[in-house]
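Every number in our numbering is 9 more than the matching position in the sequence shown, counting from 1.
Just so you know, even glycine gets a beta-carbon here, dropped at the ideal spot from N, CA and C.
What follows is a single structure, written as structure tokens, with notes after it.
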Amino acid sequence: MKFPGLQKLILLFLLLVIATVGCKKDDNPTESTNSPFVGTWTLTKLSATIGTTPVEMTPEQAGTQMTIVAKDDNSFSMTTVDAAGSRTTTGTWTKTDTQLTLKYSDGTSATFDYTLSGSTFTIKNYPYTHPTFGNLLINLSFTKQ
Numbered sequence: 010m011k012f013p014g015l016q017k018l019i020l021l022f023l024l025l026v027i028a029t030v031g032c033k034k035d036d037n038p039t040e041s042t043n044s045p046f047v048g049t050w051t052l053t054k055l056s057a058t059i060g061t062t063p064v065e066m067t068p069e070q071a072g073t074q075m076t077i078v079a080k081d082d083n084s085f086s087m088t089t090v091d092a093a094g095s096r097t098t099t100g101t102w103t104k105t106d107t108q109l110t111l112k113y114s115d116g117t118s119a120t121f122d123y124t125l126s127g128s129t130f131t132i133k134n135y136p137y138t139h140p141t142f143g144n145l146l147i148n149l150s151f152t153k154q
């Protein structure tokens, strides 16, 4: 006795079983950090104390531009444009409630105190050597784009 279409039905059933077995839950799912630090940050203000005088300036006044792109996979790129040209640095980032650590792709790393409130991110006490004023600690304020 022949059953018309039975072979097609069996083939369809086998394809369904194969598709179901092939679509299992990922053993190592990538979870989002959902960190407010993730995103594109543009430098909007620099501030320092020179001697006893507090000084604030825009990036334009300082002759520099800086953009940090922090990704969800904890990688970052930082592009700086100033009189010396344009430079892009890459690496990975980690943070605690008060400190940000950047591990650069050249193997070096730096840890900074920071604050993050809404769309404003500030690196505190960034060390900078000025040709006239010497060693300064600068606060770099960024706005999220």
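Unbroken beta strand (DSSP E) runs of length 3 or more, entirely within the segment 41–77: which are they? 48–59, 62–66, all fully within the segment 41–77.
Ends of the beta strand (DSSP E) at Thr157? The chain is shown only over 10 to 154; residue 157 falls outside these bounds and no answer can be derived.
DSSP has Phe151 in a bridge; who is on the other side? Paired residue(s): Leu52, Phe130.
For Asn83, the nearest candidate out of Tyr137, Phe151, Gly100, Thr117 (CA to CA): Between Asn83 and the set Tyr137, Phe151, Gly100, Thr117, the nearest pair of CA atoms involves Gly100.
Hey, how far is the Cα of Ile77 from the Cα of Lys153? Spanning the two alpha carbons is a distance of roughly 9 Å.
Hey, could you find the ends of the beta strand (DSSP E) Lys80 is sitting in? Taken as a continuous stretch (DSSP letters only), Lys80 belongs to no beta strand (DSSP E), as it is neither H nor E.
For Thr39, which of helix, strand or coil comes out of DSSP? Residue confidence for Thr39 is low, a pLDDT of 46 falling below 50, so the modelled location carries little weight and cannot support an answer.
Nearest CA to the CA of Ser56: which residue from Gly94, Thr88, Thr98, Gln70? For the options Gly94, Thr88, Thr98, Gln70, the alpha carbon positioned closest to that of Ser56 is the one of Gln70.
Separation of Thr61 from Thr97, as counted between CA atoms: Distance between the alpha carbons of Thr97 and Thr61 is about 34 Å.
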